[in-house]
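*Asks:*
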Amino acid sequence: MIQVKFFKKNGKFYYFESKGHADFDEHGKDIVCAAISVLAQTLVNGILEISTIDPIVEVDEESGYLKCELPKDQSVLENIEIQTAFRIIKVGIEGISEVYDEYVELLEEEV
850 MIQVKFFKKN GKFYYFESKG HADFDEHGKD IVCAAISVLA QTLVNGILEI
900 STIDPIVEVD EESGYLKCEL PKDQSVLENI EIQTAFRIIK VGIEGISEVY
950 DEYVELLEEE V
């Protein structure tokens, strides 16, 4: 199962983490894993493209791990483009987790 986490501070996204494999199908044919991976990578690449912020990014393809953490500085968290990117990616992952709920777990937490 893939576990996806979004963390917020004061209602603003600052952390994304995806870990695990869906095991929906064999490696190379797993559409659930591919969909989550594309969205996770799009979030990181989008943040890098639309801002000058250097998020902390960790990737381990073998274990299916990707983390993207923003500085918790309020000015960073107030960036409308970054918050929009997080919201759009979350909507995509919500859609996948609703259809493939036994393969994707979505968590959101306010810290």
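When we follow the working numbering, the leftmost residue of the sequence shown carries the number 850, and every step to the right adds one. We put the beta carbon where it would ideally sit given N, CA and C, even for glycine. Just so it is clear, the structure is predicted and the values come from calculations on it, not from any experiment.
Going by CA-CA distance only, name the one from 856, 933, 894 that's closest to residue 960.
*Replies:* Cα-wise, what sits closest to residue 960 is 856.
*Asks:* In whole angstroms, give me the CA-to-CA distance for residue 903 and residue 920.
*Replies:* Straight-line Cα distance between these residues: approximately 8 Å.
*Asks:* Whole-angstrom Cβ separation of residue 956 and residue 943, contact assumed at under 8 Å?
*Replies:* Between residue 943 and residue 956 the Cβ distance is about 12 Å, and since that is not below 8 Å, they are no contact.
*Asks:* What's the call for residue 881, buried or exposed, on a 16-neighbour Cβ count within 10 Å?
*Replies:* Buried is the call here.
*Asks:* Cα separation between residue 931 and residue 900?
*Replies:* Going from the Cα of residue 931 to the Cα of residue 900 covers about 8 Å.
*Asks:* Could you tell me which of 915, 948, 922 sits nearest to residue 888, measuring between CA atoms?
*Replies:* Ranking the options by Cα distance to residue 888, first place goes to 915.
*Asks:* If you count every other CB in all the chains shown that lies within 10 Å of the CB of residue 853, and 16 or more means buried, which is it?
*Replies:* Residue 853 comes out buried.
*Asks:* For residue 868 versus residue 913, is the C-beta spacing smaller than 9 Å?
*Replies:* Result yes, Cβ atoms of residue 868 and residue 913 sit closer than 9 Å.
*Asks:* Start and end of the beta strand (DSSP E) containing residue 921?
*Replies:* No beta strand (DSSP E) contains residue 921, which DSSP labels as neither H nor E.
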